[in-house]
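Count along the sequence shown from 1, then add 1; that gives the number in my numbering. Backbone N, C-alpha and C fix where the C-beta goes; we use that ideal spot for every residue, glycine too.
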Amino acid sequence: LRNECGYTGTQPYWNWGKWAYDPLNSPLFDGSDASLSGNGVYAEHSCTDALPTHLNCIPPGEGGGCVDSGPFKDMSVNLGPLAPTLNLTNPIAPPDSFLGYNPRCLRRDISQWVASTYTNDDETYDLLANYGSTIETFQNRMQGDFEAGYYGVHSAGHYTLNGDPSGDFFTSPGDPAFWLHHAQIDRVWWMWQNTDPETRTKAIGGTITIANQPPSREGRLDDVLDMGILTDSVVIEKVMSTVGLTGGPLCYVYV
2 LRNECGYTGT QPYWNWGKWA YDPLNSPLFD GSDASLSGNG VYAEHSCTDA LPTHLNCIPP
62 GEGGGCVDSG PFKDMSVNLG PLAPTLNLTN PIAPPDSFLG YNPRCLRRDI SQWVASTYTN
122 DDETYDLLAN YGSTIETFQN RMQGDFEAGY YGVHSAGHYT LNGDPSGDFF TSPGDPAFWL
182 HHAQIDRVWW MWQNTDPETR TKAIGGTITI ANQPPSREGR LDDVLDMGIL TDSVVIEKVM
242 STVGLTGGPL CYVYV
């Protein structure tokens, strides 16, 4: 952004807990010119069956249709839907192929129920204080305990937006709010690391396949992150510290 677009500010993040009880009236989603746009217009839909265990279906809200306010009101979503969760009476047609071009509007059904239940400050504190003994317990709690019907702050951020593509596992980055949500994920991980930097800066856990499907080996610090056309690939160890403690290129802190 700075090198190519002349941006002189800092990288924003979505501090979930600050607006967990009224996300629609937050400066993020109030539809103002400086927001990330607001809710969708109403479109008939039923509860969102977001978890693979079919627990805690999300009550339908006042949106579900195309976002009609703020800077992204005319935005086109082009990929997907591939695994939609927004349960519209008139479903969105899927693309012809996995990466097929399928232009349509950005949709949201912003959920106060999800935000207030799973992304309030108590949830973040509980994650850091009571599930932080190892990287495995920390990240598993953050991701959510689906067998128990618990969303976790990660899944809950996606389902606070609760739309298309935000509720689609494969295409959720197509909603601009995705990036601020994941900046907050990074911030909470950074908090966890900084409570014990000597042992946590390089802490890594989990296999190299999502949910270990298919079963695979444990990830390692020397595994390569393939960045494709975005930038040079890098080994995981180099990006485990935001301030270059592992010899990497990152140089930032959260305030």
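Residue range of the beta strand (DSSP E) that residue i falls in?
i: V68; result: 65–68
i: V42; result: 41–43
Report the CB separation of residue i from residue j in whole angstroms; it is logged as a contact under 8 Å.
i: G39; j: R108; result: Not really, about 12 Å apart at Cβ, beyond 8 Å.
i: W17; j: T120; result: 4 Å
i: P177; j: L2; result: With a Cβ gap of about 13 Å, P177 and L2 do not count as contacting.
i: W15; j: Q185; result: 5 Å
i: G41; j: D110; result: 6 Å
i: T202; j: L246; result: 6 Å
i: G168; j: Y160; result: 6 Å
i: M228; j: V235; result: 7 Å
Which two residues bound the contiguous alpha helix (DSSP H) that contains residue i?
i: Y119; result: 113–119
i: Y160; result: 153–162
i: V244; result: No alpha helix (DSSP H) holds V244; DSSP gives it neither H nor E.
i: L128; result: 122–131
i: Q140; result: 136–144
i: C252; result: Neither: C252 is in no alpha helix (DSSP H) and is coded neither H nor E.
i: E148; result: Unbroken run through E148: none, as it is neither H nor E.
i: N26; result: Where N26 is concerned, there is no enclosing alpha helix (DSSP H), given that its DSSP letter is neither H nor E.
i: N4; result: 3–6
Where residue i and residue j are concerned, what is the direct C-alpha to C-alpha distance, given to the nearest angstrom?
i: L56; j: L25; result: 25 Å
i: Y43; j: F179; result: 22 Å
i: M143; j: Y8; result: 31 Å
i: G101; j: R218; result: 32 Å
i: T138; j: N91; result: 40 Å
i: F147; j: E238; result: 29 Å
i: D224; j: I205; result: 11 Å
i: S27; j: Y126; result: 21 Å
i: P216; j: R105; result: 36 Å
i: S173; j: P166; result: 5 Å
i: D187; j: Q12; result: 12 Å
i: E63; j: E5; result: 38 Å
i: P1; j: S98; result: Any property of residue 1 remains undetermined from this structure, which presents the chain solely from 2 to 256.
i: L162; j: H155; result: 12 Å
Below 6 Å CB to CB, which residues in the same chain sit around residue i once its five sequence neighbours on both sides are set aside?
i: A157; result: V115, Y119, T120
i: P96; result: N103
i: N131; result: none
i: G133; result: F139, W193
For residue i, which residues in the same chain have their Cβ closer than 7 Å to its Cβ, ignoring the five residues on either side in sequence?
i: D50; result: C58, T86, N88
i: F171; result: G81, L83, A84
i: T74; result: Here the sequence assigns Lys to residue 74, which means Thr is not the residue at that position. The answer, listed in chain order, is S38, V68.
i: S70; result: G32, S38, G39
i: S117; result: A21, Y22
Within a Cβ cutoff of 8 Å, which residues of the same chain sit near residue i, ignoring the five residues on either side of it in sequence?
i: L29; result: W15, W20, S36, L37, A178, L181
i: S94; result: The sequence shown places Ala at residue 94, rather than the Ser named in the question. Within the same chain, A94 has close Cβ partners N103.
i: V244; result: L251, C252, Y253, V254
i: H46; result: P61, G65, L87, N88, L89, T90, D110
i: V240; result: L226, T247, G249, P250, L251
i: D34; result: G71, P72
Any C-beta of chain B sitting closer than 8 Å to the C-beta of residue i?
i: A149; result: Judged by its chain identifiers, the structure shown contains no chain B, having just a single protein chain.
Flag residue i as yes when its Cβ comes closer than 7 Å to any non-hydrogen atom of the ligand MN, and as no otherwise.
i: L89; result: The ligand MN is not part of this structure, which contains no ligands at all.
Practice prompt. Jot down the residue ranges of each uninterrupted alpha helix (DSSP H) in the stretch 175–245, minimum 4 residues, whole runs only, in chain order.
Written response: With a minimum length of 4 residues, the continuous alpha helix (DSSP H) runs that stay inside the stretch 175–245 are 178–195, 198–201.
* Any chance you could list the beta strand (DSSP E) runs of at least 3 consecutive residues sitting entirely within the stretch 54–94, in chain order? => If we require 3 residues or more, the beta strand (DSSP E) runs fully inside the stretch 54–94 come out as 65–68.
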